[in-house]
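Read the structure below first, then the notes.
In this note's numbering, the protein residues as written are 114 to 391.
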């Protein structure tokens, strides 16, 4: 058996032994949204440490647990703290949580992150709906022997981010009177922030926001047949665009400041997804 799939099955068995809950939406909480799960109707929690073989986040501000509960009447699993490639994990471990949430029953993956703004006219605190992505600078989570139980060898990636879900976000943002930009997200490996010339390269490639997560998770989810949705919180302007040296504290501060709006947008979106599925 493929070692990555064997590890995934062990994690699933560990989850099933502790939790009796079937989510419809899987939500990965980025910086500034970490406490979102505390505001939903929580029915259970599962610490990453209590799942056999599960990778554990080492980033400050990431609590490291699954929250199971309801947003309105929609059953969700929230990943309170994600795992990043720059932490030293294999890419198969980075996307293991995504795959596990699909095995739990989730049909939609809702990705959120804090990202550096590249698009002209962006400001710290803006939101960007992810329409497409560039993942060429990190290893593919599908590298190696294909896990046939999860998906096909050569999955189509012409439309990773679901168009219907994008429309739902835009309608929710309009109803809440929240401005939301649209663009392409690029994932670099990190953990260092980008140099000005790297940001210039990203802009030349067509990227509007840059970060260190998300794209690999979207690929893994699409491979498994999930519908994928992504929103970036522009926590800072990328190097070369902003004259201020970048820091994780700045990212967290901006994300925290706009968290109430971000939470409202996420809630309205999930409620609309639930209404669409019913």
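Backbone N, C-alpha and C define an ideal beta-carbon position, used for all residues, glycine too. This one's a predicted model, so the numbers in the text were calculated from it and none came from an experiment.
Residue i: buried (16+ other C-beta within 10 angstroms of its C-beta) or exposed?
i           : result
residue 209 : buried
residue 234 : exposed
residue 337 : buried
residue 348 : buried
residue 195 : buried
residue 236 : exposed
residue 157 : exposed
residue 178 : buried
residue 133 : exposed
residue 162 : exposed
residue 324 : buried
residue 114 : exposed
residue 287 : exposed
residue 205 : buried
residue 129 : exposed
residue 302 : exposed
residue 239 : buried
residue 290 : exposed
residue 341 : buried
Starting from residue i, trace the alpha helix (DSSP H) both ways and give me its first and last residue.
i           : result
residue 128 : 116 to 131
residue 176 : Looking at the DSSP string, residue 176 is not in any alpha helix (DSSP H), and its letter there is neither H nor E.
residue 140 : First-last for residue 140: 138 to 142, but that is the beta strand (DSSP E), not the alpha helix (DSSP H).
residue 317 : 309 to 318
residue 276 : 276 to 288
Check each candidate in the options and name the one with the smallest Cα separation from residue i.
i           : options            : result
residue 159 : 187, 213, 326, 290 : 213
residue 377 : 129, 117, 185, 169 : 185
residue 309 : 289, 261, 277, 230 : 230
residue 285 : 227, 319, 379, 272 : 379
residue 279 : 293, 271, 371, 200 : 293
residue 350 : 306, 287, 265      : 306
residue 249 : 318, 281, 143, 282 : 318
residue 372 : 142, 121, 116      : 142
residue 167 : 203, 181, 199      : 203
residue 322 : 123, 267, 343, 126 : 343
residue 382 : 180, 119, 283      : 283
residue 393 : 370, 216, 366, 224 : Residue 393 is absent from the structure shown; the chain starts at 114 and stops at 391.
residue 228 : 169, 304, 270, 346 : 346
residue 181 : 154, 122, 241      : 154
In the DSSP assignment, what residue or residues form a beta bridge with residue i?
i           : result
residue 227 : 346
residue 181 : 157, 190
residue 221 : 138, 340
residue 323 : 229, 299
The beta strand (DSSP E) with residue i in it runs from where to where?
i           : result
residue 213 : Counting along the chain, residue 213 falls outside any beta strand (DSSP E), though it belongs to the alpha helix (DSSP H) covering 209 to 217.
residue 241 : 240 to 247
residue 298 : 293 to 300
Is residue i near the ligand SAM, with its Cβ less than 7 Å from a heavy atom?
i           : result
residue 327 : Among the ligands in the structure shown, none appear at all, so the ligand SAM cannot be discussed.
Original post:
For the 8 Å Cβ check, are there 3 or more pairs between the stretch 217 to 225 and the stretch 132 to 143?
Top reply: yes
Original post:
Do the stretch 148 to 155 and the stretch 187 to 194 make contact, defined as three or more Cβ pairs closer than 8 Å?
Top reply: yes
**OP:** Would you be able to state if there are at least three C-beta pairs under 8 Å between the stretch 294 to 310 and the stretch 241 to 248?
**Re:** yes
Original post:
Three or more beta-carbon pairs under 8 Å between the stretch 253 to 260 and the stretch 318 to 332, yes or no?
Top reply: yes
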